[in-house]
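What follows is one structure encoded as structure tokens, with my remarks underneath.
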Amino acid sequence: MNEITKNNIHLFYGWSGVAFVVILSFAFIVVAGFFPPPSASLPANEIAEILSGNSAAIKFAMMLTMFAAMFYFLFTVITAKLISKVEGEVGVLTLTYASSGGFNLIAFSFPAIWWITAVFRADTPSYVVQFLNDMSWLEFLGFVTPTLMLMSVTAVVSFVDKSKDPLFPRWFGCFCLWGVTMFIPGQVIFFFNEGPFSWDGMVGFWVPAIDFYLQFIFTIFFVLRYIYRERREI
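Residues 891 to 1124, numbered by this note's numbering, are exactly what the sequence shown covers, in order.
This is the structure we're talking about:
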């Protein structure tokens, strides 16, 4: 494989990050209407009414979410590849980043399947719909350990990369560490179903969601910048 072809593949993987953001945002905000999430304090009959009354849109949105997860994984793979260049080998940082991206593929895909299951049959009891909805939101927003590892590895890479044109600037590493501290309080969604600490509250949803989007968009920018810089050097 020549260098131009290899770089084209890298670009496809890099732009997969943009595809992830666009598809996921479209699926949740426009199609499913899950942004912000329905209140965690709603009774079973209201949750069932919301989901069942929008079943076709939710099925389509969750199909899109699983495709978005595929693009997310492709992006983490190319990011891990670039991290290996900083390490000089496929080291522990590279492996941690790639495997964490794989776990997040699951974190995006499984809740999507459970939401589809919740609305698959019109006669599903409301308490079952509520149970599946709870499972979906609690994993989607609560399974944060892979993202914490991704942010932590990004921070470490920014600090150890001594090259003239580093993959990630040091300030971004500091931003990622700050992001880790912003994500951890969101774990309280497992203990609250209303208020700022629930999955639709400020601490449980808004802060982690904004943090994730900002961190991911910046990562896309730095990864694509690096790949295009390599292209100019071919």
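For glycine and all other residues, C-beta sits at the position ideal for the given N, C-alpha and C. Here the structure is a predicted model, which means the values were calculated and not measured.
Q) Taking all protein chains shown into account, do 16 or more other C-beta atoms lie within 10 angstroms of the C-beta of F1081, making it buried, or fewer, making it exposed? A) Here residue 1081 is taken as the residue at index 191 of the sequence shown, counted from 1. The residue in question, F1081, is exposed, as its Cβ has fewer than 16 Cβ neighbours within 10 Å.
Checklist line | 8 Å CB neighbourhood of M1025 in its chain, flanking five on each side removed | finding: The sequence position of residue 1025 within the sequence shown is 135, counting from 1. Cβ within range, chain order: P1001, W1004.
Next item on the list: Return the first residue and the last residue of the alpha helix (DSSP H) that W1055 is part of.
Entry: Residue mapping note: residue 1055 aligns to position 165 of the sequence shown, counting from 1. In the sequence under discussion, the amino acid at residue 1055 is Asp, which differs from the Trp named in the question. Per DSSP, D1055 belongs to no alpha helix (DSSP H) and is neither H nor E.
Integer Cβ distance of F902 from A958, believed to fall under 8 Å
Position 12 of the sequence shown, counted from the first residue, corresponds to residue 902. Position 68 of the sequence shown, counted from the first residue, corresponds to residue 958. So it is not a contact: roughly 16 Å between Cβ atoms.
*Three-state class that DSSP yields for D1013 in the structure shown*: As a working note, residue 1013 is residue 123 in the sequence shown. Residue state, collapsed to three classes: coil.
For a minimum of 3 consecutive residues, which ranges assigned as the beta strand (DSSP E) are wholly contained in the region 1022-1071? none
Practice prompt. Could you check what DSSP says for W1089 in three-state terms: helix, strand or coil?
Written response: In the sequence shown, residue 1089 corresponds to position 199, counting from 1. In this structure, W1089 counts as coil in the three-state DSSP scheme.
Worksheet entry | Within 9 Å, strictly: CB atoms of P933 and Q1020 | As a first step, residue 933 must be located in the sequence shown, where it is residue number 43. As a first step, residue 1020 must be located in the sequence shown, where it is residue number 130. Yes; because the gap between Cβ atoms is below 9 Å, this pair is in contact.
| Where are the alpha helix (DSSP H) runs, 4 residues long or more, that stay fully inside the region 905-943, in chain order? | 934-942
For V981, which residues in the same chain have their Cβ closer than 8 Å to its Cβ, ignoring the five residues on either side in sequence? The count along the sequence shown starts at 1 and reaches residue 981 at position 91. It is worth fixing the name first, because residue 981 is Gly in this sequence and not Val. The answer, listed in chain order, is S974.
Determine the contact status of Y987 and T1044, defining contact as a CB-CB distance below 9 Å. Position 97 of the sequence shown holds residue 987. Position 154 of the sequence shown holds residue 1044. Contact flag set, yes.
- Message: Measuring alpha carbon to alpha carbon, tell me which residue in T984, A1099, L914 is nearest F950.
- Response: Locating residue 950 in the sequence shown gives position 60, counting from the first residue. Minimum Cα distance to F950 is reached at L914.
* To do: Measure from the alpha carbon of I1110 to the alpha carbon of each residue in L972, K896, I919, V921, then state which is nearest.
  => Within the sequence shown, numbered from 1, the residue matching residue 1110 stands at position 220. I1110 has its Cα closest to that of L972, out of L972, K896, I919, V921.
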